[in-house]
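First up is the structure itself, then whatever we jot down about it.
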Amino acid sequence: MLYVVTTEPEPQARAAHTMAQMRAAAELFGAVWGRNDEGLPIGSEMLRSLAHADGLVTLLHDGAGALLGAAALGRGAPGTAYSYIAATAPGHEQRGLGLLLKLHQRQWCLERGIHCMSWTFDPLVGRNARFNLTKLGAAVDCYEPEFYGVMSDRINGSDPADRLVARWVLTDPGPRAEPPEPPAVGGVAGPDGDPAHVLGDGARWLRVPADIVALRRSDPAQASAWRSTTREWFTDAFAAGYVAVGVTRRGWYHLTVKESS
């Protein structure tokens with residue numbers, strides 16, 4: 007594989023087994039998303055049950071034993087797995103830790119004959135989209151409106167929680183090449199007035215805000231407009247046979263026509 011992680015020294019990812027480890031993971035998830043109306047995003051008892059049902063809870067520690075990240079993975083249909091939740095500790099978001107969590111999940115899956123992993127993510131969080139599609143090499147051709155309804159944590163705001171479904175083929179050779187930026191002319195304006203939907207020769211580009219989490223706090227109406235606008239654009243593109251295969255550094259999804267199987 008060609009993945010590169012720059013963390014130094016490299017933290018260690020290991021499977022969690024004890025209730026103390028599950029509680030630590032649950033508290034980390036709570037530190038990231040906050041407590042919602044039902045409590046923590048996922049409780050330690052549920053994590054323990056998921057691991058017991060032949061799933062995987064990963065903990066990522068530094069050399070001194072501090073918990074830097076956690077993730078939970080379960081089995082899906084034969085040969086597939088589903089990643090339920092993953093997060094790095096607050097203050098450590100730019101250290102390549104998310105990649106270490108995903109690579110640990112990937113290795114665990116391949117050792118068990120699992121060759122495809124899927125998960126959902128917020129279409130409007132561009133940094134996560136870039137990680138999933140460009141860094142990992144996952145692809146997206148499915149949009150799920152109101153997947154979680156309206157969530158009550160401190161990140162997702164008060165809009166319906168739409169989700170894209172990522173599909174990561176674990177035997178692929180590594181991250182994708184940097185996707186091209188859209189053409190400099192034309193395009194349909196987004197809620198901020200700048201071009202956000204561009205059609206090219208066999209491709210489409212859809213832009214999302216630079217920081218939707220901050221926008222939800224500063225301008226909820228515009229954040230809501232981004233949700234409804236991009237929902238329409240993604241749904242139309244997927245119905246027309248496009249698949250999202252990368253995200254540029256400027257926050258543009260790059261969609262190409264899906265290859266025939």
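One rule links them: number in the numbering used here = place in the sequence shown (from 1) + 6. We put the beta carbon where it would ideally sit given N, CA and C, even for glycine. Computed from a predicted model, the values in this text were never measured in an experiment.
With 8 Å as the threshold, decide whether the Cβ of residue i is near any Cβ in chain B.
i    : result
L205 : No chain B is present in this structure, which holds just one protein chain.
What is the DSSP secondary structure of residue i, reduced to helix, strand or coil?
i    : result
G104 : helix
I91  : strand
V175 : strand
D242 : helix
G132 : helix
M28  : helix
T64  : strand
T254 : coil
P17  : coil
P197 : coil
A77  : strand
M157 : coil
H260 : strand
H98  : coil
R213 : strand
R169 : strand
L205 : strand
V191 : coil
E51  : helix
Whose C-beta lies closer than 6 Å to the C-beta of residue i among residues of the same chain, with five residues either side of it excluded?
i    : result
W258 : P188, W211 and R213
T140 : R182, G252 and V253
R136 : V253
G143 : D178, P181 and R182
A87  : L79, R81, C115, I120 and M123
Looking only at C-alpha atoms, which of the options sits nearest to residue i?
i    : options                   : result
R20  : D43, L46, A26 and L62     : L62
D200 : L105, V263, P186 and P215 : P215
Q18  : A70, G49 and A59          : A70
L205 : P186, I218, V219 and P197 : P186
A190 : V251, R256 and C148       : R256
L34  : A57, D43 and H67          : H67
V156 : R173, L105, E51 and R233  : R233
A30  : L53, G45 and D43          : L53
G196 : F244, V175 and W239       : W239
P166 : I91, E99 and A229         : A229
R222 : L170, G193 and V131       : V131
F244 : G49, A145 and E117        : A145
Give every residue of the same chain whose Cβ lies closer than 7 Å to the Cβ of residue i, excluding the five residues on either side of it in the sequence, and list them in chain order.
i   : result
S89 : A77, L79, Q111, M123 and W125
G36 : L46 and P47
Are residue i and residue j touching if we call contact CB-CB under 8 Å?
i    : j    : result
T236 : P129 : yes
V38  : D147 : no
D168 : P151 : yes
L172 : N138 : Before going further, note that residue 172 is Ala rather than Leu in the sequence given. Yes, they are a contact pair.
L107 : G82  : no
L2   : Y149 : One cannot answer for residue 2 here, as it falls past the ends of the chain, which runs 7 to 267.
Note down, in chain order, each residue of its chain lying with its Cβ closer than 8 Å to the Cβ of residue i, except the 5 sequence neighbours on either side.
i    : result
G85  : G119, I120, H121 and C122
E51  : M28
A231 : P197
E16  : L106
Using 8 Å for Cβ pairs, my map puts residue i next to residue j. What's the rounded Cβ distance?
i    : j    : result
A57  : A32  : The Cβ separation is near 12 Å, so there is no contact.
H260 : A209 : 7 Å
A92  : G104 : 7 Å
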